[in-house]
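Enquirer:
2 protein chains.
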Amino acid sequence: MKELNELIDRIADRVNVNLREPSFDAGPYIRGFISPEKFYRFYAFYGLTPDHPLRFHFRNSSLAGSYFLGKCFVEHSVLYKSDIRGDELKSRGDIFSYDGMKIPLHDDEIVLIRDSFLLKTLVHSHSNDPESPEEYQIQNTISMHYANIHGSPVEGSFLGPFSTVDLTTLHDCVIGAYAYVQVRELSHHQIEPGQVWIHVDGAFEFSYQFAKDVLDRYIRHIPGKAPEGVFMEFAENLKGEFQQVFDKVRAKPPIPVPVGAFLSNYAVVVGNSRIAENVLVAQRAYLENAWLGKGSNVQENCYIVHSTLDGNDVTAHGSKIVHSRLGKKVFVGFNSFLRGSSDFPLMIGEGCIVMPHTIVDLEESLEIPPGHIIWGHIQSRGDLEEQCLSLEDFSKIEKGTHIGRMRFQGSGEHFVNSIRHRIEHILEANGAFFDPATGANRGHAQKTQFITFNTIQPYSEGERQGLYPSIDIRP
Amino acid sequence: MKELNELIDRIADRVNVNLREPSFDAGPYIRGFISPEKFYRFYAFYGLTPDHPLRFHFRNSSLAGSYFLGKCFVEHSVLYKSDIRGDELKSRGDIFSYDGMKIPLHDDEIVLIRDSFLLKTLVHSHSNDPESPEEYQIQNTISMHYANIHGSPVEGSFLGPFSTVDLTTLHDCVIGAYAYVQVRELSHHQIEPGQVWIHVDGAFEFSYQFAKDVLDRYIRHIPGKAPEGVFMEFAENLKGEFQQVFDKVRAKPPIPVPVGAFLSNYAVVVGNSRIAENVLVAQRAYLENAWLGKGSNVQENCYIVHSTLDGNDVTAHGSKIVHSRLGKKVFVGFNSFLRGSSDFPLMIGEGCIVMPHTIVDLEESLEIPPGHIIWGHIQSRGDLEEQCLSLEDFSKIEKGTHIGRMRFQGSGEHFVNSIRHRIEHILEANGAFFDPATGANRGHAQKTQFITFNTIQPYSEGERQGLYPSIDIRP
Chain A
1 MKELNELIDR IADRVNVNLR EPSFDAGPYI RGFISPEKFY RFYAFYGLTP
51 DHPLRFHFRN SSLAGSYFLG KCFVEHSVLY KSDIRGDELK SRGDIFSYDG
101 MKIPLHDDEI VLIRDSFLLK TLVHSHSNDP ESPEEYQIQN TISMHYANIH
151 GSPVEGSFLG PFSTVDLTTL HDCVIGAYAY VQVRELSHHQ IEPGQVWIHV
201 DGAFEFSYQF AKDVLDRYIR HIPGKAPEGV FMEFAENLKG EFQQVFDKVR
251 AKPPIPVPVG AFLSNYAVVV GNSRIAENVL VAQRAYLENA WLGKGSNVQE
301 NCYIVHSTLD GNDVTAHGSK IVHSRLGKKV FVGFNSFLRG SSDFPLMIGE
351 GCIVMPHTIV DLEESLEIPP GHIIWGHIQS RGDLEEQCLS LEDFSKIEKG
401 THIGRMRFQG SGEHFVNSIR HRIEHILEAN GAFFDPATGA NRGHAQKTQF
451 ITFNTIQPYS EGERQGLYPS IDIRP
Chain B
476 MKELNELIDR IADRVNVNLR EPSFDAGPYI RGFISPEKFY RFYAFYGLTP
526 DHPLRFHFRN SSLAGSYFLG KCFVEHSVLY KSDIRGDELK SRGDIFSYDG
576 MKIPLHDDEI VLIRDSFLLK TLVHSHSNDP ESPEEYQIQN TISMHYANIH
626 GSPVEGSFLG PFSTVDLTTL HDCVIGAYAY VQVRELSHHQ IEPGQVWIHV
676 DGAFEFSYQF AKDVLDRYIR HIPGKAPEGV FMEFAENLKG EFQQVFDKVR
726 AKPPIPVPVG AFLSNYAVVV GNSRIAENVL VAQRAYLENA WLGKGSNVQE
776 NCYIVHSTLD GNDVTAHGSK IVHSRLGKKV FVGFNSFLRG SSDFPLMIGE
826 GCIVMPHTIV DLEESLEIPP GHIIWGHIQS RGDLEEQCLS LEDFSKIEKG
876 THIGRMRFQG SGEHFVNSIR HRIEHILEAN GAFFDPATGA NRGHAQKTQF
926 ITFNTIQPYS EGERQGLYPS IDIRP
C-alpha cells in the first residue's frame, strides 16, 4: 500500500494548493477513509463495442470497481467505484457550437482525469467548455460519494456527497453536499450544501436552498467521517445485491430484453421487473418490481423500486423512485429522491418535470397533475403550494418571482423550453426513438448492445498493492 | 469476422511459405475448424503479481480463452485457449550458459508470438537457444490441440495434437501427433507421429516409436477434421467442468490451501480432493478425488483422478493420472497417460521416471517397483519386459542397447543423471522445497499466491468481431 498512500497524499496536496484561497484541507476527506483492502478487492472494467471509439490509458492510478466507456485517460488518480462514461464525447471534425461561435475539433475528445480522487462519482457526457473542447478534464479534484460531474471540466475543486456539477466549468471551487450547479463557469466559489442553482446569463436564474434540518436528515458530511443520512442508508441497504453481479464474468439477462432495449450486466434486477422496447438500464442501476415503459431510461446509480414508468421517462443519474407511478415523458433530475410507500404512493402525471435534487418523501399519498414542475422538499399535498407550478404558469413568468425557498429571475418560458429541449435530447441520445424496422435513431440503448467488458485488477501485494499497472488500449 | 478470417488466411500463408519444402498445406488444419462464435465467446486473461516482471502487448490478434503470465507479446496471431506461461523467462543481466559459453542478457526476455495459430497449446519456460536468449519466439507456426512448446523458439513449423517440442529450436519442421522431440535444434525435419526422440550430441540418444495401431487408438488426426481418439475423448468428457470456473471473476478456494501451496482459480476441483503444503496446481488442471502430497505439482492440462501422489511428485504439462498411486518423487513426463481403474489400479514406486509421452492403460493391476524408468505403451505386467528398466540397470548402459521399440545409444548414466537433475530443478522452480519459517526456496507455488487476473474480451460484433483490441500493459 506504500505507493497508494503516497499517491493519496499527493492528490490531497494538489487539491489543497488549488483551494488555498478558501483555506480548505482535503486530507481528512480522503485519508484513511476507505478501508485499505477495498482498493484491491474490487476490479475495474472497461467496455468495448464496435460503435464507440476506443482508447483507454491508465497510469499510476487505483481504479477499484470503476467503469469506463469511450476514450478515457486516468493518471495519478484514485477512482473508487466511479462510472466514467465517455460515450458522448465529441469526435475529430465535429463542430462545437458555443454562443454562436463554431469551433471545429482537431482531435477526438478524451476524458482526462489527473491528480484526482473520485468516490462513486459519475462522469458523463463531454466538455461544454469552449476553451477545452477536445479534453473533458478533471484535475486536482476530490469528489465524494455519488457526486455527478456532468458536461464540463472541473479543476482544483472539492465536490461534496450527492452534489452535481452540470454543464459547469469549475476552477478552485468547493461544492457542498447535495448542491446542484448549472451555471456555465465558476471560479473560486464556495457553494453551500443543499443549494440548487441554475443560471444562464441574460436569460434566467433559478435557485433553491434546502433548510439545514431537512438537509441534515438526508445527507450530512463531517470531515474524516463517512457521509450519513437517508441517502447513504438507502444505498447501503441495497449494496449487497450488487456483489453478485460483479462476481460473474458474464451472465444471461435475468429478464427478457426486447428489441432495441439494453439491460446492463452490471445492473441489479430483483422481483417482478419488466422492460419494454428501447429501454436503457445502465450499469449500477437497481430495479426491484420495476416496470419500465418503452423508451424509458434508468441511468447510473438510479433505483426504481415498486414503481412503474409509463414510457419515455428519464431518470437522470442517481435518482431514486420508490412506490411511484410516472406518466409518460416525466423527467426526474439528477439525484432526486422520490419515495412513496405502499400506503402513500406517489403519482406523477405526463410531461412533468422533477427538478434535479428534489426530495419527495411522502407522509400521505400524492398526485402531481400532468404538465407540472416540482422542486425542493415535499412531504404532503400542502407542500406543493410553494414547490410546484404548472409549466404553463411557469412559462408566464416574465421578470421573476419567489415562492417559498425558491427564487426565479428572468424568462420562465426560456427556462421551461430549455429543460424540454434537454429532455428531448436525452431521450434521443439514449435511443428512446429507435425504429427497428429502419434502424433509424440509434442511441445508447442500441449502440451498447454488443458491449463486452474487460476487467482490470490491481497488484494484490507488495509496495504497489492497490495500484493498477499502466494499461494502454487501442482499437 | 471479416478481419479474423483474413488473419487466419494470412497465418496459413506464412506457415506454408516456411513449409514449402515438404510441400505442406496448413490451411485445412486451421480454416473453418473452430466454430466462429468460439472466437468471441471466451475471454482471455493475464496474471499480475508483485513477483513477476510485467509486460503484455497484444496486437491484431484473437486470444479466446488464453492465459498469460510474465512478459508476453502477441502479434497477428490466433491463440485459442492456450496457456502462455512466461514466469521462467530470463532477466536482464542474467548470464545464460550454453556449452560452456557465458552469454550476458542485455534485456529482459519476452515471449514473442507472431503470425501463428496455437490451439490449446502450452508455451512455457524460456528460450534455450543461444542465438535468441532474450526472445522466446514462436513465429509462422501452427500448433494443434494440447501440444507443448517448452523451452525453445519455434519458427515456420506445424505441431500435431499432443506433440511436444522440448528444449528444441525448430526451423521449418512438421512434428506429428504425439511425437516428442528434445534434440536442441531441428531444421527442415518431418517427425513421424508417435516418435519419442531425445538426443544430446556426443552424450546419448533415446528413441521410441509407437506402433501405428496403438497411436491411432489414442490420437489420430486427419486434415480438416478435429483430432480423434482416447486422448481427445478424455478431455472432451471433462471440459464441461471448466465452464463454471471461467464464469466467475473470483471465487473462494473450494478446498483448504495450506501454507506454501497454490491452487489456481482456474483449476477444477471435484470430489474429495486434498492438497498438502507447497503443492502447485496450475490453471486448467483437473483434480477429482485427488490427494496431493507435500511439494507435488500438477501442471497445465493435467488431470489427477482417483489418485494419490505421495509427495514431491512432478506431473508435467498435459499428463493424466487415473486410479493410480505414486510414491514419492515420481516424475510423470509431458502428455503421459496413466490410466488404471478401480479394479486394476496402478502403483508407481518412489523415485520412478515415467518418460514423456508414455501410455499406461491397464488391463490388469500393475506395480512399478521403486527406482524404475518406464516408456512406451504398457497394458499389463508382461509389457514391462520391453518397456521398463531399473534406473540402476539403465545407468549401466555404456554404449547402447535396444529393447523392443526403444533404442538407446550412449551413456545410460549420463541420461539418467540428466533427467534426475531436471526433476530436481522442476521441484525447486515450483516451490516444493519452500520453508515457511525462513521464506527460503520460494518457487512458483509461493510467487503466484498473490496473483490477480485481468480479463480481455474481443469485439463481439462488426468487422473486427473475434479480434482483440491492441493492449499494452506495463508496471
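Chains as they are written, first to last, in this note's numbering: chain A, 1 to 475; chain B, 476 to 950.
Every residue gets a Cβ at the ideal spot worked out from N, C-alpha and C, and that includes glycine.
Bear in mind the structure is a predicted one, so any value in this text is a computation, not a measurement.
Quick one: which chain A residues come within Cβ less than 9 Å of F925/B?
Expert: Those are Y459, S460, E461, G462 and Q465, listed as they occur along chain A.
Enquirer: Suppose you measure from the CA of E398/A to the CA of V123/A; what does that come to, to the nearest Å?
Expert: Their Cα atoms are separated by approximately 35 Å.
Enquirer: Against chain B, which members of the stretch 78 to 95 of chain A pass a CB distance test of less than 7 Å?
Expert: Here the close residues number zero.
Enquirer: Using beta carbons (cut-off 9 Å, strictly below), is P469/A in contact with chain B?
Expert: Chain B contact via Cβ: present.
Enquirer: Just to confirm before moving on: does the CB-CB distance between E461/A and F909/B stay below 9 Å?
Expert: No; because the gap between Cβ atoms is not below 9 Å, this pair is not in contact.
Enquirer: CA-CA distance, V675/B and R659/B?
Expert: If I take the Cα positions, the gap works out to 7 Å.
Enquirer: Indicate the three-state DSSP secondary structure (helix, strand or coil) for N476/A in the structure shown.
Expert: The requested residue 476/A does not occur in the structure, where chain A is confined to residues 1 to 475.
Enquirer: Only counting the same chain, and skipping five residues up and downstream in sequence, which positions put a Cβ closer than 8 Å to that of G93/A?
Expert: So the qualifying residues of the chain are P104 and L105.
Enquirer: Assess contact between the stretch 420 to 436 of chain A and the stretch 272 to 286 of chain A, defined as three or more Cβ pairs (one per stretch) separated by less than 8 Å. Is contact present?
Expert: A contact exists between the stretch 420 to 436 of chain A and the stretch 272 to 286 of chain A.
Enquirer: Is M476/B buried or exposed, if buried means 16 or more other CB atoms sit within 10 Å of its CB?
Expert: By the neighbour-count rule (16 or more Cβ atoms within 10 Å), M476/B is buried.
Enquirer: DSSP three-state label for K727/B, please.
Expert: K727/B falls in the coil class under three-state DSSP.
Enquirer: Below 9 Å between beta carbons: does that hold for S627/B and D647/B?
Expert: No, these two residues do not count as a Cβ contact at 9 Å.
Enquirer: Between the beta-carbon of S682/B and the beta-carbon of I673/B, is there less than 9 Å?
Expert: Taking 9 Å as the Cβ cut-off, S682/B and I673/B qualify as a contacting pair.
Enquirer: Starting from A765/B and walking both ways along the beta strand (DSSP E), at which residues does that stretch end?
Expert: It spans Y761 to L767 - the beta strand (DSSP E) in which A765/B sits, taken as one unbroken run.
Enquirer: Would a check of beta-carbon distances place L479/B closer than 9 Å to chain A?
Expert: With 9 Å as the cut-off, L479/B does not count as an interface residue toward chain A.
Enquirer: What whole-angstrom Cβ distance do P469/A and I948/B have, given they're in contact under 8 Å?
Expert: Confirmed, about 5 Å.
Enquirer: Taking Y518/B as the query, report the chain A residues whose CB atoms sit under 7 Å from its CB, ordered along the chain.
Expert: V249, listed in chain order.
Enquirer: In chain order, what residues of the same chain lie with their CB nearer than 7 Å to the CB of Q854/B, ignoring the 5 residues before and after it?
Expert: Hits under 7 Å: D836, L837 and E838.
Enquirer: Can you grab the Cα-Cα spacing for the pair A440/A / Q718/B, in whole Å?
Expert: A440/A and Q718/B: Cα-Cα distance of roughly 38 Å.
Enquirer: Against chain B, which members of the stretch 272 to 284 of chain A pass a CB distance test of less than 9 Å?
Expert: Answer set for the stretch 272 to 284 of chain A: empty.
Enquirer: Looking at F337/A: is its Cβ nearer than 9 Å to the Cβ of A316/A?
Expert: No.
Enquirer: Excluding the 5 residues preceding and the 5 following H847/B in the sequence, name in chain order all residues of the same chain whose CB lies nearer than 6 Å to its CB.
Expert: Around H847/B: C827, C863 and S865.
Enquirer: Return helix, strand or coil for V257/A, following the three-state DSSP convention.
Expert: Coil.
Enquirer: With 9 Å as the threshold, decide whether the Cβ of P820/B is near any Cβ in chain A.
Expert: Not closer than 9 Å to any Cβ of chain A, the Cβ of P820/B fails to qualify, so no.
Enquirer: Report the rounded CA-to-CA distance for H985/B versus N480/B, giving the unit in angstroms.
Expert: Only positions 476 to 950 of chain B appear in this structure, which leaves residue 985/B out of reach.
Enquirer: Could you check what DSSP says for I946/B in three-state terms: helix, strand or coil?
Expert: Three-state DSSP puts I946/B in a strand.
Enquirer: Just reading off the alpha helix (DSSP H) that N8/A is part of, what are its end residues?
Expert: Sequence check: residue 8/A is Ile here, not Asn. Segment K2 to N18, the alpha helix (DSSP H) holding I8/A.
Enquirer: For a test of the three-state rule: what should DSSP assign to N535/B, helix, strand or coil?
Expert: Coil at N535/B, not helix or strand.
Enquirer: Determine the closest residue to I624/B out of F592/B, E609/B and E606/B, with distance taken between C-alpha atoms.
Expert: Closest option to I624/B, Cα to Cα, is F592/B.
Enquirer: Between which two residues does the alpha helix (DSSP H) harbouring H792/B extend?
Expert: No alpha helix (DSSP H) contains H792/B, which DSSP labels as neither H nor E.
Enquirer: Just the Cα atoms here: how many angstroms apart are H952/B and I650/B?
Expert: With chain B covering only 476 through 950, there is no way to say anything about residue 952/B.
Enquirer: Excluding five sequence neighbours on each side, which residues of the same chain lie with their C-beta closer than 6 Å to the C-beta of F548/B?
Expert: Once the five neighbours on either side are set aside, the close Cβ partners of F548/B are H532, I585 and L587.
Enquirer: Report, in whole angstroms, the separation of the C-beta atoms of S840/B and F819/B, which I expect to be a contact under 8 Å.
Expert: Right, the Cβ-Cβ distance comes to about 4 Å (below 8 Å), so this counts as a contact.
Enquirer: Starting from the beta carbon of T455/A, find every residue of chain B whose beta carbon is closer than 7 Å, and list them in chain order.
Expert: Correct list: V724, N929 and T930.
Enquirer: Over what stretch of residues does the alpha helix (DSSP H) that includes K922/B continue unbroken?
Expert: First-last of the alpha helix (DSSP H) with K922/B: H919 to K922.
Enquirer: Can you check whether the C-beta of Y909/B is within less than 9 Å of a C-beta belonging to chain A?
Expert: In the sequence under discussion, the amino acid at residue 909/B is Phe, which differs from the Tyr named in the question. No - not a single Cβ of chain A is within 9 Å of the one on F909/B.
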